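Q: I'd like to ask you about the structure that follows.
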Amino acid sequence: MTHKMPPPINVIKIRNQTIDKSIFNNKSYKCKLSYNQYKILSYCISLLKHNENNIIKIDIKDYCQAIGLTLQSNNFIGIQNALKTLEQVPLVITNDTTSSPIPAITHVTSLSDNQIEVGLEQRYLAHLEDLTTSLNQYNFINIAFLTSYYSIHLYEICKSWQGRKTMIVDVVTLRQIFALENTLRSWQHFKERVLSKPLEEINLLTDINIEVEYIRHQRMVKKIKFTISTKTREQRIRVNQYIKKHMDSKYIKRQK
């Protein structure tokens, strides 16, 4: 018999963690963060509100379940590697005369099979505090199940535009936002990777709906109109039902 159980309270806490600061600042990084790195770094930073120092502890088992990963050793290793790699991903802080590369994370230490300790670099955190952002805060669950860097970035961008409801953006500007001035040059490739697939995920799994209209000039798409709306109560219920069916069902205990 299958007993449908709600996720453990620790998993629910991770998903409900409030994210109020975007760490996207592509020109500050020498290389682009992976979506797993972005998720875990955002989560780590959100936990600092409850800590007096820059050191936090994470239960990898709970975290994997919170983002819909099966509880297999390779997933545990993947999350640990995403954190450890961040020690070698420098953030370049630039002022008028100098630039200084620093990592976001100072150390990652395994405390047990499931528990790890993460130290965050104070200079990096100070840089985040200096960044101006119009990001509307959101719960971690809204990016937990997104499967690409582009999906997460587009969600945060549109979340920051949510109060305006509509936003018209030049394609050139959007390429700059995603640091894609010299890659994905084909419009069809850009559209598929940055817009079509991310929009599908965002509309299925998050708290907002996004519609786009492609504005053409001489048969070429020059601008994109984004219309952003908050999901209704009924739509949010459907999102939760989808998560229970397709993500949380992996952890349902079966008993005879």
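Our numbering applies: residue 2 is where the sequence shown begins, and numbers increase by one. Glycine included, each C-beta is placed from N, C-alpha and C at the ideal position. A quick note: this is a predicted structure, and the numbers were derived from the prediction, not measured.
Run through DSSP, which three-state label would Asp60 get?
A: Assigned with DSSP and collapsed to three states, Asp60 falls in strand.
Q: Can you round the beta-carbon distance between Leu142 and Asn11 to whole angstroms, since I take them to be within the 8 Å contact cut?
A: Per the sequence shown, residue 142 should be read as Ile rather than Leu. That pair is no contact at about 14 Å.
Q: For Ile211 versus Phe227, is the C-beta spacing smaller than 8 Å?
A: yes
Q: Quick one, are the C-beta atoms of Val170 and Lys251 less than 8 Å apart?
A: no
Q: Between which residues of its own chain and Asn27 is the CB-CB distance below 6 Å, once the five residues before and five after are set aside?
A: Here Asn27 scores only 47 on pLDDT, less than 50, and its place in the model should not be relied on; the value that follows carries that caveat. Answer for Asn27: Ala180, listed in chain order.
Q: Is the CB-CB distance between Ile117 and Gln81 below 8 Å?
A: Contact: yes.
Q: Measuring only the C-alpha atoms, how far is Lys58 from Thr233?
A: 35 Å
Q: Suppose the cutoff is 6 Å on Cβ atoms and the five residues either side in sequence are ignored; what does the same chain contact list for Val76 look like?
A: First, the amino acid is wrong: residue 76 is Asn here, not Val. For Asn76, where only same-chain residues beyond five positions count, the Cβ hits under 6 Å are Cys65, Leu70.
Q: Between which two residues does the beta strand (DSSP E) harbouring Ile106 extend?
A: 106-111
Q: Given that a residue counts as buried once 16 or more other Cβ atoms are within 10 Å of its Cβ, and exposed if not, what is Trp188?
A: exposed
Q: How big is the Cα-Cα spacing for Lys85 and Asn140?
A: Lys85 and Asn140: Cα-Cα distance of roughly 25 Å.
Q: Classify Gln38 as helix, strand or coil using the three-state DSSP reduction.
A: helix
Q: What number of angstroms, rounded off, separates the C-alpha of Glu235 from the C-alpha of Ile229?
A: 17 Å
Q: Could you name the residues of the same chain whose beta carbon sits closer than 7 Å to that of Leu200, not counting the 5 residues immediately before and after it, in chain order?
A: Ile211, Val213
Q: Tell me whether Phe77 sits in a helix, a strand or coil according to DSSP, three-state version.
A: helix
Q: How close, in whole Å, do the beta carbons of Tyr156 and Ile203 come, if the pair is a contact with beta carbons under 8 Å?
A: At roughly 5 Å, the Cβ-Cβ gap stays under 8 Å, so Tyr156 and Ile203 are in contact.
Q: Would you kindly check if the distance between the Cβ of Leu126 and the Cβ of Ile106 is under 8 Å?
A: no
Q: In the DSSP assignment, what are the bridge partners of Glu212?
A: The bridge partners DSSP lists for Glu212 are Thr228.
Q: Taking its Cβ as the centre, do 16 or more other Cβ atoms sit within 10 Å of Gln38, making it buried, or is it exposed?
A: Around the beta carbon of Gln38, 16 or more other beta carbons sit within 10 angstroms, so the residue counts as buried.
Q: Taking the straight line between their C-alpha atoms, what separation do you get for Arg239 and Ser197?
A: 21 Å
Q: Which of the three DSSP states, helix, strand or coil, is assigned to Ser101?
A: strand
Q: Where DSSP assigns a beta bridge to Gly120, which residues make up the other side?
A: Ile56, His108
Q: Roughly how many angstroms lie between the CA atoms of Ile41 and Ser101, to the nearest whole one?
A: 24 Å
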